[in-house]
Amino acid sequence: MSIRKIPFQRREYLPEKNLSCTTTYDENRLEDPQVTEHLKALRETLLTDRGLHDRAAKAFVSFVRAYSKHDASYIFRIKDLDLVGVAKSFGLLRLPRMPELKDVALESWEDALVDWDTYSYGDKAQEARRVAKSTAEKSRNEEQLLRVTRAEKKKANTAWSAQTQRKAAKDLRKEKRLRKKKWLQSQAQAQATSGLPSGSSLKRGREEETVSSEDDGDADTWDELAREERMAKKVKKGVINQKVFDAEFGIELS
């Protein structure tokens, strides 16, 4: 009203025992104690039928929306409206979710203690629909939780399996390198005892591997070991990734 320069003066709230309106309005005055009493009575009535609370909530939302969209917005200013007080006047058990309440101070508001799972409608058909909907929703939530749990467990098992197989492949390569080292040492000893010159070709040494049946399969893995070592160096340098290395040597990761 002051924006439109309309003469207007707020007056003090009229108490029960003093009907004088000579004092000016005090914004810091305490809430009337009767508000709590009336709110309690309204809530007791609403608790008898969930349908009553639904209608009260819809009425509150409609009132606030109408107030905020009124053509005379210079008079009906939503930011100056005590929305918590309005909600109490409707006896609401809890505040609805709406954008108008986003920045409202809720220090003076307290939700009623209600078990919303058992809070029922007075109409039997409506209550049956509510129970069926609630049961279906709970079932969907349980199924979703079970799927999430299974997915997380599968992910953890997959990671563990991949790590285990990589470790096994690494141990196998280490074992092959040790066998190769032992084979080379045995060949060097054989050359020393046979009197062969130290510069003898490695190919000739391979031809003599038939002397020991234990070394028969080792020579065939030389090229493979050398290739593995080269590929392993490329993995360390980042030239290729671990998946390419595993695929190259037949390491299947589930």
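All residue numbers for the sequence shown refer to the working numbering, where the first residue is 239 and numbers rise by one. Glycine included, every Cβ here is placed at the ideal spot set by N, Cα and C.
Restricting to Cα atoms, I'd like to know which of the options is closest to residue i.
i    : options                : result
P337 : D361, L351, R303       : R303
Y305 : L319, R293, K296       : L319
E345 : L351, A366, L321       : L321
I244 : I313, L268, H308, A279 : I313
D484 : K475, G476, E466       : E466
Which same chain residues, not among the five before or five after residue i, have their C-beta less than 8 Å away from its C-beta?
i    : result
T283 : L290, G329
V324 : F298, F301, V302
I478 : M469, K472
Where do the N-terminal and C-terminal ends of the alpha helix (DSSP H) with residue i fall, by residue?
i    : result
P271 : 271-284
H291 : 288-306
S327 : 321-327
F343 : The question names Phe, but residue 343 is Ala in the sequence shown. Careful: A343 lies outside any alpha helix (DSSP H) and carries neither H nor E.
A485 : 480-486
If you measure between the beta carbons of residue i and residue j, is that distance less than 8 Å?
i    : j    : result
V299 : P271 : no
R332 : A350 : yes
L277 : K340 : no
D361 : S372 : no
L463 : K412 : no
Compute the beta-carbon to beta-carbon distance between residue i and residue j, rounded to the nearest angstrom, for a pair I have assumed lies under 8 Å.
i    : j    : result
E288 : Y359 : Before going on, a small fix: residue 288 reads as Arg here, not Glu. The Cβ separation is near 5 Å, so the contact holds.
Near residue i, what residues of its chain come up, given a Cβ to Cβ distance below 6 Å and the 5 sequence neighbours on each side ignored?
i    : result
W347 : V322
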